[in-house]
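So the structure is just underneath, and the comments pick up after that.
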Amino acid sequence: MSTSISADPSVARRGTVEVEAWATPAAHAPLEPLRIPRREPGPRDVSIEILYCGVCHSDIHQVRDEWGGSLFPLVPGHEIAGRVIDAGGDVRRFKPGDAVGVGCFVDSCRECEACLAGEEQYCARGVTPTYNGRERDGKTPTYGGYSAQITVNEDYVLRIPESLALDGAAPLLCAGITTYSPLRHFGVKAGDEVAIVGLGGLGHMGVKLARALGARVTVLSHSPRKRDDALRLGADDFLVTGPAASFEKNASRFDFILDTVSAAHDYNAYLNLLRRDRTMVLVGLPDPTPLSAGALIGGRRRLSGSAIGGIRETQEMLDFCAEHGVVSDIEVIPIQKINEAYERTLASDVRYRFVIDNRSLDDAGSENR
Ligand code: NAP
Ligand code: ZN
Ligand code: ZN
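Counting in the numbering used here, the sequence shown runs from 578 upward without gaps.
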């Protein structure tokens, strides 16, 4: 690691350190080692040594520019867990050694209605994404957690309870909060019949969290392969979505449906599984899919969407997970296996989240770990 002064005036002439990272230089290109600058902590910043970073399907969407407008080189990663190594003079809540997390955003306008309500993820001026975005100066690119260190304003840093293993806790920073927030917002409670569609990184957290809230959980999966896992994770029932009979037999069954699927599929068929006046929430972000008005009109059903969660709710979720002993089921990989991990995620071959061991960044360039 070397110290240098950034050539970019937008970092206010504060020093930067160069750290190891992995980035993709262009859409669809494989990830490869890259050194990136990190600012030295300002008065309210903390510097974090990143120990683990989860691999979210959103990383893959953005690396491949599937949502458009990706900024390259792109260092993905927004499920960051690590320890504070340095803190600015005005930092109140953190000190070196603390276990901390960083999720999908590192700043927001702090003034709009959403920010003032603690729902920064819906900031009217747009959040500052942890990666594939720009700082609030509109210039400095943000780089994510496939890197050795990150510097973040303390208001956007989460405390990870010491009882949670840092590797298993990393995916809580996106997969955990993205499923917790709609379950809470829509008032899922003990005894409710909840369907989780898609048993991937988000879906398996949805199962664990809905169970911890006391719901009866059914997993809807596109193949029978994950039945045993679903039941082991806490589901009460499992349905394969291929056969039409699954939809006919379970019409009007569920109080709440959380759809985490990353690939295009027919929402209308799933809406028919809701009871009258109940809600289905989309958190997966596939290509556009047609929606039939009839699927909503019959039964006055509601279709909603939900994005991650605010800082306050993310902290609440981490504390809830500590209380209920919930972490992600993970497969820890060295960064050198990241391109392979993307292929396996796309093939639904992950049980249930890849997590990078960031110490492997020291071996940048080695493909043979
Ligand atoms: P993931 O681990 O890859 O899981 C996605 C799941 O979708 C798979 O495990 C699979 O479950 C199902 N699936 C995949 N291909 C399918 C196909 N062709 N047909 C039907 N089902 C298929 O992904 P993830 O990290 O959980 O992310 C899921 C989605 O949520 C992504 O689109 C991601 O960008 C989005 N996301 C949204 C937010 C938000 O704030 N709203 C936050 C994070 C991620 P089965 O094998 O069980 O069918
Ligand atoms: Zn994510
Ligand atoms: Zn705002």
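The beta-carbon is built from N, C-alpha and C at its ideal position, and this holds for glycine as well.
Contact set for residue i: own chain, Cβ-Cβ below 8 angstroms, skip 5 residues either direction
{"i": "P620", "result": "G665, G666, D667, V668"}
{"i": "P911", "result": "I933, D934, S937, D940, R946"}
{"i": "D622", "result": "R616, A664, G665, V668, T728, V729, N730, E731"}
{"i": "E609", "result": "W599, A600, T601, P602"}
Cα-Cα separation between residue i and residue j, rounded to whole angstroms
{"i": "S943", "j": "P673", "result": "The predicted model places S943 with a pLDDT of 48, which falls under 50 and marks its position as unreliable; any figure quoted below should be read in that light. For S943 and P673, the distance between alpha carbons rounds to 31 angstroms."}
{"i": "A676", "j": "L749", "result": "14 angstroms"}
{"i": "A807", "j": "L816", "result": "10 angstroms"}
{"i": "A772", "j": "H762", "result": "16 angstroms"}
{"i": "S925", "j": "S839", "result": "10 angstroms"}
{"i": "G721", "j": "V679", "result": "10 angstroms"}
{"i": "D814", "j": "M782", "result": "16 angstroms"}
{"i": "Y733", "j": "K826", "result": "45 angstroms"}
{"i": "F831", "j": "D636", "result": "31 angstroms"}
Helix, strand or coil at residue i [DSSP, three-state]
{"i": "V538", "result": "Outside the modelled stretch of the chain, which goes from 578 to 946, sits residue 538, for which no answer is possible."}
{"i": "S624", "result": "strand"}
{"i": "T891", "result": "helix"}
{"i": "S751", "result": "Per the sequence shown, the amino acid found at residue 751 is Cys instead of Ser. DSSP places C751 in coil when its eight states are reduced to three."}
Reference residue i, options the options, closest by Cα
{"i": "T660", "options": "S800, P653, F671", "result": "Per the sequence presented here, residue 660 reads as Arg, with Thr not at that position. Looking at the Cα atoms, F671 is the closest of the given residues."}
{"i": "G695", "options": "K766, D939, E617, Q892", "result": "Q892"}
{"i": "D940", "options": "D843, A725, S647", "result": "A725"}
{"i": "P706", "options": "I662, G886, L810", "result": "G886"}
{"i": "E643", "options": "G764, L862, G775, L868", "result": "L862"}
{"i": "V596", "options": "L608, H605, I625", "result": "I625"}
{"i": "G948", "options": "A828, E900, A841, V652", "result": "Residue 948 lies beyond the range of the chain shown here (578 to 946); nothing can be said about it."}
{"i": "R877", "options": "Y757, P867, M857, A884", "result": "M857"}
{"i": "G871", "options": "Y708, D864, R879", "result": "R879"}
{"i": "S758", "options": "E920, F897, T593, H901", "result": "F897"}
{"i": "A742", "options": "A604, T866, Y844, L628", "result": "L628"}
Spatial neighbours of residue i in its chain, beta-carbon cut-off 6 angstroms, leaving aside the 5 residues before and after
{"i": "R930", "result": "G631, P748, G778, S905, I907"}
{"i": "R788", "result": "V794, G811"}
{"i": "F824", "result": "A846"}
Delimiting residues of the beta strand (DSSP E) encompassing residue i
{"i": "F682", "result": "682 to 684"}
{"i": "A772", "result": "770 to 774"}
{"i": "L611", "result": "609 to 616"}
{"i": "D806", "result": "Element bounds for D806: not the beta strand (DSSP E) but the alpha helix (DSSP H), 804 to 810."}
First through last residue of the alpha helix (DSSP H) which encompasses residue i
{"i": "T707", "result": "Careful: T707 lies outside any alpha helix (DSSP H) and carries neither H nor E."}
{"i": "E920", "result": "915 to 923"}
{"i": "E690", "result": "690 to 693"}
{"i": "S635", "result": "634 to 640"}
{"i": "L873", "result": "870 to 874"}
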